[in-house]
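Heads up, the thing below is written out as structure tokens.
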Amino acid sequence: MERIIGRKLITLEEVSSTNDYAKSIAREVPEGTVVIAERQTAGKGRKGRAWASPEGGLWMSVILKPGFVDPRIVFVGALSVVDTLADFGIASGIKWPNDVWVGGRKIAGVLVEGRGEEHVVMGVGLNVNNPIPDELRESAVSMFELLGAKIPLETVLNSLLFHMDAWYRIFREDPFLLMQKVRERTFILGRFVEVVEGEERILGRAVDVLDDGSLLLDVGGSLRRVLYGDVSLRPLP
Ligand code: BT5
4 MERIIGRKLI
14 TLEEVSSTND
24 YAKSIAREVP
34 EGTVVIAERQ
44 TAGKGRKGRA
54 WASPEGGLWM
64 SVILKPGFVD
74 PRIVFVGALS
84 VVDTLADFGI
94 ASGIKWPNDV
104 WVGGRKIAGV
114 LVEGRGEEHV
124 VMGVGLNVNN
134 PIPDELRESA
144 VSMFELLGAK
154 IPLETVLNSL
164 LFHMDAWYRI
174 FREDPFLLMQ
184 KVRERTFILG
194 RFVEVVEGEE
204 RILGRAVDVL
214 DDGSLLLDVG
224 GSLRRVLYGD
234 VSLRPLP
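Per the working numbering, the sequence shown runs over residues 4 to 240.
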């Protein structure tokens, strides 16, 4: 079976954001093209937040052309990171919808940007050997910190592309299987959380991730479905 993800690799020393670069070339390149940069000068998260991207980390974006719009594509990135970390002996979990955490700290984030049915750019930032900025020391962690040794970035990239190819296939052919895995890997289920969705703050117990990708919360006894948002863990009330 021919691999889709990583068919073409564009390696840059420095770029503002691999997602922006990928978006600018998306029309002209084949599906599965990967843009990777040694460092980003304006790496970004969701809602215009900054993503710290000094040298040593894996900062990459892949151009996908599934031909349909489905927000569950974000889980292709998150699951691929979880499997990649497992290849290096690191147990991690998904903080719905787009973070990967290890032991209470964030090790990776996924940023999906799209142009309708035309193309989707999926950016993944994974802390590998890069230093963690002081202001994120409490909340972020790297593979280097967990393993106590530097890991060649190409090895991590190869593993990530391999898993992404497999999960992307499953996303297209059997999204319910994808969601089953997401459910298994989502560590917030059963926990008390706060979800910020736009202007709204919702406090409740995370009950399930539904097949459509949304998060189901138990808010004081009634069930509430959340499509998108920022989740943080809260102590039990
Ligand atoms: C994300 O956003 O987690 C998505 C991050 C995607 C980054 C990749 S790198 C390649 C591609 N090109 C880009 O420009 N972006 C993508 P969000 O859920 O909004 O989380 C952002 C928050 O994570 C920030 O506000 C910080 O609190 C925290 N953060 C920033 N840099 C971090 C890092 N290196 N490690 C862990 N946490 C970080």
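For each residue, glycine too, the CB sits at the ideal point set by N, CA and C.
* Decide if F179 is buried, meaning its Cβ has at least 16 other Cβ atoms within 10 Å, or exposed. => exposed
* Asked: Taking the alpha-carbon positions, what's the D233 to V85 distance?
  -> 19 Å
* **Continuous alpha helix (DSSP H) assignments of at least 4 residues falling wholly in the segment 59-91** => 77-90
* Delimiting residues of the alpha helix (DSSP H) encompassing L149 -> M146 to L150
* Asked: Is N101 near the ligand BT5, with its Cβ less than 7 Å from a heavy atom?
  -> yes
* Pair within 8 Å by beta-carbon distance, K98 and F190 -> yes
* Using 10 angstroms around the beta-carbon of T36, count the other beta-carbons present and answer buried if the total reaches 16, otherwise exposed. => When all chains shown are included, T36 counts as buried.
* Under the DSSP definition of a beta bridge, which residues are partnered with L15? -> A40
* To do: Evaluate T44 with the Cβ neighbour count: other Cβ atoms within 10 Å of its Cβ, from every protein chain shown; 16 or more gives buried, anything less gives exposed.
  => exposed
* Less than 7 Å between the CB of K26 and some heavy atom of the ligand BT5, yes or no? -> no
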